[in-house]
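Residue numbers (this note's numbering), protein chains in the order written: chain L, 6 to 394; chain H, 820 to 1246.
Note that the Cβ used here is the ideal one computed from N, Cα and C, for glycine as well.
Given the structure is predicted, the values throughout are model-derived calculations rather than measurements.
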Ligand code: SF4
Ligand code: SF4
């Protein structure tokens, strides 16, 4: 088994490979393989896997891609991620991608799908309308139909038919993936000093870029290493970071949070990887091909700014999370101009106030480079909590 | 401008009366017991609300009226004090601010609280966040979610319609029955939709009159008044039919006389430029904004904004014999529910059909539903039609983002460019 530091170095390298080298290599090994890029937040990668494909997360250029052309597509008061995705697209980073999926999370991503359609990117561009009705024969049926449309597009490219057996195999692999991720978060909840938040970020993000089989191996190894008594605890408070589910914070920001005295024990940075909170069941005899995937979305999704929540308010779920993760406070960190995240914050913050949960909030952009002010803010926040405790 | 004093057209008087009567009905709900449904302009199924004898309220319209009455800045600031970010949709903040300041509407009456929040989630994600916010302000009020699938694939598929009809049957109608105490009456809905269909036809005819040179109407600045009744709860009413018939008659008279559009300062005498505009207007400085155009002889011959509450250009009309399918398809066919390619096609058709000289975007700082993608639309139209394109920025109801001099400078340069192009093509 590789040493932890080597695994972490590999993950960091893969996570930010904006040329998607590993995915492209994987594709080149077999003519029938396809690569499908998907934007935040969530897509059931199992179905593409079962169709001999690989989904690759398109998470923007972060602070590693200079924006030259992308700004000509978006006004200054629109968040940063669509312009960096455009920059990557126009510079040919996605050239061997077969298709693109734009999950329905906001108007910016929705209209970005239109831009990709107009520019004729890939062999298909699919805007995935996730149902906001969670009844099986209404929203569920609609969702299955949306997913089937994606499979039909992939079929047109590689003529691979997804069978229940193939899909069950893929479901197992991704269940394993989510289980291992849960384990890492659970171990970190007890022993956050064994792995930094930035390391966790790299590990999870690497999974957006490589085959799930490889990622599962990495995760198994990480779980092994962090199950050992490594590193020394610091006098840090424990926080959850919320609001960064789409445009990703620069890693410098995640590091700053920890350097300023906080262990990040829960976050929504790469929420899609952990979106489904329980194992997806194998397809039952008599069930439709996509029924299990659909059931999981309707019943076992995490809460999110992009899902209608009247029946199970998100503040209730956040408070529950605070209890389970035993956190001392919340950091609301949202991308500038992000309507979905920012319109949730007053609701969530009010719940914090009513329940005496301390919080702090600030805005970022994926290419933010200066963290001095944020560090001071967070430092004061963590000190104040330490003094109160 | 013609020096004659602007006398109110009959249609304007009817429209005022209609809006006043709705406000009155709303202020009397305590006495009459009528139930109140808050909903949105895009995906505005007020026919169904009326079929249950309930009254609609549109928080967006309250917000725009607050903007026009110069009240929005305080409302927005108050919402920001409550924790709302500077970066988000100002309609939401204006509405929240209005609510915490007593919910007093444009007529000076208190807008009654909702009995039902009808979240017709069409063409804009912020709607969902908006009603999640309202749900916290009115915790006892039920929300009926009607998710409108986006026309991403360039068309409305049977599965999309089916999904919406099922939601209407299992989510929206049962909640409306419960709140109103009335049973769903399909025949009543069909009857209402018959009038909608007539109104939709009339609206299309009215906006089609801009084919004339000079155009008898301004399809943006005056257009927003024309769509007022149909957007503000009068879909499917006899009043709306009467209003649009009267308006159409008046406009035809103008066409016959070769008259240009009516502006707040009289009839526009010389039509120098014909434009198509994309994006909502600014409401806080609406008159000044309009004046910048008519002073320079620019008339708007088509606008996307007047299509947010429904697009009829492509032949869509409700079919009273298929009431729920019609409501579903109507929602899916609203402007911001069209994909970017469809928007480009629609605007391109307008530019050609109404002989526009230029295309202009008014980009709204806080409206992602319109703004994200507008630069792409501009590029596409410029390439496709080789038409001059212009770009200005403002906000809907946040006066802090309205810069008169910036807009004026940009418009002047744009009109100079159009002028030169005209001279060149004349030669
Ligand atoms: S950062 Fe927010 S506003 Fe921007 S694309 Fe993502 S969800 Fe949409
Ligand atoms: S974002 Fe635009 S369309 Fe959506 S509610 Fe705000 S103003 Fe209306």
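A distance below 6 angstroms between beta-carbons, with the five flanking residues on each side excluded, links residue 846/H to the following residues of its chain, in chain order: 928. For the 9 angstroms CB-CB criterion, residue 235/L and residue 199/L form a contact. The beta carbon of residue 1057/H does not come within 9 angstroms of any beta carbon belonging to chain L, so the residue lies off that interface.
In this structure, residue 263/L sits near residue 201/L, with a CB-CB distance shorter than 9 angstroms. For residue 79/L, the three-state secondary structure derived from DSSP is coil. Considering only 1146/H, 902/H, 1058/H and 1198/H, the residue with the shortest C-alpha distance to residue 982/H is 1146/H. A check of alpha carbon separations from residue 251/L across 17/L, 21/L and 65/L identifies 65/L as the nearest. With respect to the C-alpha of residue 240/L, the residue from 330/L, 166/L, 355/L and 197/L having the closest C-alpha is 197/L. Using a Cβ distance threshold of 9 angstroms, residue 931/H and residue 860/H do not count as a contacting pair. For residue 243/L, DSSP records a beta bridge to 268/L. Taken in chain order, the complete beta strand (DSSP E) segments of 3 or more residues contained in the stretch 95 to 170 of chain L are 104 to 108 and 129 to 133. Counting only runs of 4 or more residues that sit fully inside the stretch 1095 to 1166 of chain H, the alpha helix (DSSP H) segments are 1105 to 1113 and 1142 to 1151, in chain order. Interface with chain H (9 angstroms Cβ-Cβ cutoff): residue 350/L is included. For residue 1200/H, the uninterrupted alpha helix (DSSP H) run begins and ends at 1193 to 1204, by DSSP.
Per DSSP, the continuous beta strand (DSSP E) segment holding residue 1181/H begins and ends at 1177 to 1183. Relative to ligand 1, the beta carbon of residue 1245/H is positioned no closer than 8 angstroms to any heavy atom.
Proximity of the beta carbon of residue 1206/H to ligand 1 is not indicated: no heavy atom of the ligand is located closer than 8 angstroms. Those residues that have a beta carbon less than 5 angstroms away from any non-hydrogen atom of ligand 2 are, in order along the chain, 908/H, 910/H, 943/H, 945/H, 1186/H and 1188/H. Short of 7 angstroms from the beta carbon of residue 382/L, and not among the five residues preceding or following it, lie these beta carbons of its own chain, in chain order: 365 and 367.
Think of a sphere of 8 angstroms around the beta carbon of residue 120/L: the chain H residues whose beta carbon falls inside it are 1159, 1192 and 1195, in chain order.
The residues 1102, in chain order, have a CB closer than 6 angstroms to that of residue 883/H in the same chain once the five nearest residues on each side in sequence are set aside.
Along the stretch 100 to 120 of chain L, the positions whose C-beta sits under 9 angstroms from a C-beta of chain H are 107, 109, 110, 111, 112, 113, 114, 115, 116, 117, 118, 119 and 120, read in chain order.
With a cutoff of 9 angstroms on beta-carbon distance, residue 87/L and residue 75/L are scored as near each other.
With a threshold of 16 other beta carbon atoms within 10 Å, residue 142/L falls short and is exposed.
Residue-level contact check: residue 79/L touches chain H, since one or more beta carbons of chain H fall below 9 angstroms from its beta carbon. For residue 87/L, the secondary structure class from DSSP, reduced to helix, strand or coil, is helix. The beta carbon of residue 925/H sits no closer than 9 angstroms to any beta carbon of chain L. The contact set of residue 968/H on chain L, defined by CB atoms closer than 8 angstroms, consists of 134 and 147 in chain order.
Residue 33/L and residue 206/L have their C-alpha atoms spaced approximately 28 angstroms apart. Beta bridge pairing from DSSP links residue 363/L with 334/L.
Judged by DSSP in its simplified three-state form, residue 58/L adopts strand.
The Cβ atoms of residue 873/H and residue 849/H do not sit closer than 9 angstroms to each other. Residues of the stretch 1149 to 1175 of chain H whose Cβ lies closer than 7 angstroms to any Cβ of chain L, in chain order: 1158, 1159 and 1160. Taking all protein chains shown into account, residue 1054/H has 16 or more neighbouring C-beta atoms within 10 Å of its C-beta and is therefore buried. At a cut-off of 9 angstroms between beta carbons, residue 308/L makes no contact with chain H. Around the Cβ of residue 230/L, a 10 Å sphere holds 16 or more other Cβ atoms; the residue is buried.
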